[in-house]
């Protein structure tokens, strides 16, 4: 009995998938919709689906806060920490993937375990350390912290991609007299490119959305979009429309990046789960 | 052919990462352990001094402590259950020939891109609010009195919010795993007349076990230290109904400014997290064998 | 070629002079309406103080508090002006973390004698002013005149709790979505505990006796909490245990509350254009129980200068600009008198233009004057503070106790259980703190 993909089946799955997809997306859709309402319409009961669109919330938010400053800090910190982490992680993952020792697995697990300390528990030590180094409220300081936070995940992800690359190819290039850096840059990286791309994406997402260190270690100079949100959440009175506008502006860049690169993310996000 | 030379070389290559992570681990950890034996309130520096095991004793005898451990585990397992079961089902669905697959996939993965604070605010204000929320309007439409989510089912509400954020991640990884499933094996099973469920149980599920392990491991690491969602929605209440360990540490550190107590709490949280990790690696870690 | 090099030279001279003279001060403030207005008036400050530039860090109240507290306690020096409340000022001043504002106190133009005595008293230690009040508030009853009339009642200027409870039950009409009374229920030392502690004072309850022993096992607390929970169950909105100031404000503005006992600053919001009931609101003093104390608190959001600031002179200029008489005139000229930050200066309450624009002015002043932070309740107490206890440990204790009371309101705990837990928590924390 051969597998039958009937039109009905396909239609049924399509409808179900679209329905569930829209359901998952609904909270975000609703927030974006609210950002175009007046404050009074935003809490109207029953909720308004048809309303007169206003841009006043965006105008107010843009006039009150220097969005570009928060935005560029987010870009610099998320992007910078990702690049920096790759520089450290690629050699490390290469080493563990192509000349593993009996400790490799333990080292990986130990790296992951550094993520288990609750950040609030170490806030004061970190705050004091950064203060003594003069790195409080600097993009550089925050970039380093973000890199350290995500480094274990990056190393692990890269490690799993590198494992899938047959080591014979690397050895062949070595036979041909390639130097180590040539081997990594010209042979390993091109082959692992999809994996590296999705690692980068995942890391940018995680760093962009990190809201503890970015809030607590910054003031005027290095504050990111999470601080931008914190200047609109729960003021006197409920300003849901303005909060929605600010939130939409904070998530829009990463959402759009995610949408455009979702294919990369989908094909690359395997953590070695595919054999 | 791994020579001694490449072995040494690879050690050197691995060194920066290890050194950096070691510093990142050991400096805060040492300071935290040191503080955990100190009487140290940020707002009352004059009382600072050695405090013995008092901070640990105080943290463990907190009436909220065992509730917090329970809530932490419930939060992690609840979210894991929803995201893995949901992720497998959604993965199976998205693996079908669907019209407009790219767009549907975008719809599904979007929640993963949202900042935790923002998603907590959306759910709290616009969906779960008992007066203005969409859910309240829906239940009123059916003539049912609206549920006050954060008072009646606080922990479950938080589980739902967090699961919404992590379901896309699980779905993505599980979907990728599914896509690599051997078609021939599937068809062979079809020939043998295997039913949908036995095919799923004997072929699909084992194939995905590795991916499921990865999801469990990564999500657990992040879920153990969840607190933004709690802070925004329930502040750990009512009572201690939605207080987890991280929130308890937060309470000591940034509401009480009791650095000694918070450090002791942090050390306890790390120990417990490592117990969970060892347990995890023992029970599912064999799947990770490279 | 030549022209461009001259231009470049000129630019660099300007750039250099800019660097040499402009001093940037960083101001940490909360995102409340009055502060946002202040931020929008930055240009006026810059015009008057050309050498000083302002950098704003505007954050939600809780995050702001944790940011500035961590910074000042670790001597981080990231801020030059802090927005803090009546709770922090005495504690921080005693630690030597704040710069006394002697320059302002001695400045005849600033006229510090004009500051409301109750407010200035809360911000001073040993006669020295450590923070300048930006706006001050007490609490009072806001009610719907139309609903009160419909219920066949007349609100006295100084109502009792019995009258409020009776009126609330009569006004409630859940089919029409009208709740007789909206009160804070969301856990937090600055949320439900602000209201409940102030109310408890009028029931004769206190946090600690003179030996710092917790008092939640006393009948006065039981009366307070039972009264509160029962009243809210009978006449409060759904989801009351998650409602704080913001949520109640919206409910009231939407016409869903008959009465609301909360901050006096809310008066200008419920009578503003955002409110659907703006023309129907009346005001009364916070209720009492015939024990000689009313349930009204005292709070002032104030500007202070941390000792860790490197730019204290510039910071004083800013604090002076933001809290002097001219600032009130400035806001009035731009937004009308009803929008000026209230509750800081005696002269404001003598200004006929303000009294005409703000129908709630007299009630606000009376409420502020009725609060006494040194003798907040019926029996003597060892602490200062009406709706809080001005000791460093209070924030944490207040939050934990607030959780218990919020649970009692949500019905997940009984009043007795909540009080027993509250007593236990407070005793533990006070013992650990060395009292």
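Protein chains in written order, with the working numbering: chain A, 1 to 275; chain B, 276 to 565; chain C, 566 to 1000. From the three backbone atoms N, C-alpha and C, an ideal C-beta is built for every residue, glycine too.
Chain B contact residues for residue i, given Cβ-Cβ distances below 7 Å
i	result
residue 109 of chain A	556
residue 14 of chain A	373, 374
residue 47 of chain A	409, 412
residue 254 of chain A	388
Under 9 Å from the C-beta of residue i: neighbouring residues of chain A
i	result
residue 622 of chain C	218, 219, 220, 223, 227, 231
residue 894 of chain C	Within chain A, no residue comes near residue 894 of chain C; the closest Cβ sits about 23 Å away, beyond 9 Å.
Span separating the alpha-carbon of residue i from that of residue j
i	j	result
residue 872 of chain C	residue 305 of chain B	30 Å
residue 183 of chain A	residue 96 of chain A	16 Å
residue 510 of chain B	residue 978 of chain C	17 Å
residue 927 of chain C	residue 332 of chain B	53 Å
residue 945 of chain C	residue 218 of chain A	43 Å
residue 769 of chain C	residue 726 of chain C	13 Å
residue 757 of chain C	residue 964 of chain C	9 Å
residue 50 of chain A	residue 241 of chain A	15 Å
residue 151 of chain A	residue 438 of chain B	24 Å
residue 687 of chain C	residue 651 of chain C	6 Å
residue 267 of chain A	residue 201 of chain A	12 Å
residue 192 of chain A	residue 399 of chain B	42 Å
residue 470 of chain B	residue 352 of chain B	30 Å
residue 776 of chain C	residue 948 of chain C	10 Å
residue 20 of chain A	residue 749 of chain C	38 Å
residue 122 of chain A	residue 134 of chain A	18 Å
residue 892 of chain C	residue 866 of chain C	16 Å
residue 383 of chain B	residue 11 of chain A	19 Å
residue 228 of chain A	residue 250 of chain A	8 Å
residue 303 of chain B	residue 13 of chain A	51 Å
Partners in chain C for residue i, counting only beta-carbon separations shorter than 8 Å
i	result
residue 312 of chain A	Outside the displayed span of chain A (1 to 275) sits residue 312 of chain A, for which this structure offers no information.
Chain C within 8 Å of residue i, Cβ atoms only
i	result
residue 41 of chain A	no
residue 544 of chain B	no
residue 622 of chain B	Since the first and last residues shown for chain B are 276 and 565, residue 622 of chain B lies out of range.
residue 64 of chain A	yes
residue 136 of chain A	yes
residue 323 of chain B	no
Proximity test, Cβ basis, 8 Å: residue i and chain B
i	result
residue 182 of chain A	no
residue 190 of chain A	no
residue 6 of chain A	no
residue 209 of chain A	yes
residue 649 of chain C	no
residue 986 of chain C	yes
residue 655 of chain C	no
residue 258 of chain A	yes
Cross-chain neighbours of residue i in chain C, by beta carbon under 7 Å
i	result
residue 511 of chain B	968
Residue-level contact to chain D via CB, residue i, 8 Å cutoff
i	result
residue 88 of chain A	The chain labelled as chain D is not found among the protein chains of the depicted structure, namely A, B and C.
Contact set between residue i and chain A, taken where Cβ atoms lie within less than 7 Å
i	result
residue 541 of chain B	117, 118, 121, 122
residue 952 of chain C	None at all; the shortest Cβ gap to chain A is about 17 Å.
residue 929 of chain C	The premise fails here: residue 929 of chain C is roughly 16 Å from chain A at the closest Cβ pair, so nothing lies under 7 Å.
Test: residue i CB closer than 8 Å to a CB of chain A
i	result
residue 743 of chain C	no
residue 632 of chain C	yes
residue 500 of chain B	yes
residue 839 of chain C	yes
Contact list for residue i against chain B, beta-carbon separation under 9 Å
i	result
residue 25 of chain A	381, 382, 383, 385, 386
Residues that residue i contacts on chain A, provided the C-beta gap is smaller than 8 Å
i	result
residue 810 of chain C	236
Taking contact to mean 3 or more Cβ pairs, one atom from each stretch, closer than 8 Å, check whether the segment 984 to 993 of chain C and the segment 960 to 975 of chain C are in contact. Touching, yes.
Three CB pairs or more closer than 8 Å across the segment 234 to 241 of chain A and the segment 800 to 812 of chain C: A contact exists between the segment 234 to 241 of chain A and the segment 800 to 812 of chain C.
Pairing CB atoms from the segment 545 to 558 of chain B with CB atoms from the segment 371 to 385 of chain B, are three or more of them under 8 Å? Because the criterion of three Cβ pairs below 8 Å is not met, the segment 545 to 558 of chain B and the segment 371 to 385 of chain B do not touch.
Could you say if the segment 529 to 549 of chain B and the segment 311 to 326 of chain B meet the contact criterion of at least three C-beta pairs nearer than 8 Å? Yes: at least three Cβ pairs fall under 8 Å.
Is the segment 146 to 164 of chain A touching the segment 74 to 89 of chain A in the sense that three or more CB pairs, one from each, lie closer than 8 Å? As far as the Cβ criterion goes, the segment 74 to 89 of chain A touches the segment 146 to 164 of chain A, which means the pair count is three or higher.
Which full runs of the alpha helix (DSSP H) of 4+ residues lie inside the segment 628 to 673 of chain C, going along the chain? Here the runs fully enclosed are 653 to 659, 667 to 670.
At 3 residues or longer, and completely inside the segment 946 to 1000 of chain C: list those beta strand (DSSP E) runs for me, N to C. Listed in chain order, the beta strand (DSSP E) elements of length 3 or more contained wholly in the segment 946 to 1000 of chain C amount to none.
Kindly provide the ranges of any alpha helix (DSSP H) runs that are 4 or more residues long and lie completely inside the segment 209 to 245 of chain A, ordered along the chain. Here the runs fully enclosed are 213 to 216, 225 to 230.
Can you find at least 3 beta carbon pairs, one from the segment 694 to 707 of chain C and one from the segment 829 to 843 of chain C, that sit closer than 8 Å? Enough Cβ pairs lie closer than 8 Å, so yes.
So does the segment 592 to 608 of chain C actually touch the segment 636 to 650 of chain C, counting three or more Cβ pairs closer than 8 Å? Here the segment 592 to 608 of chain C lies against the segment 636 to 650 of chain C, with 3 or more beta-carbon pairs under 8 Å apart.
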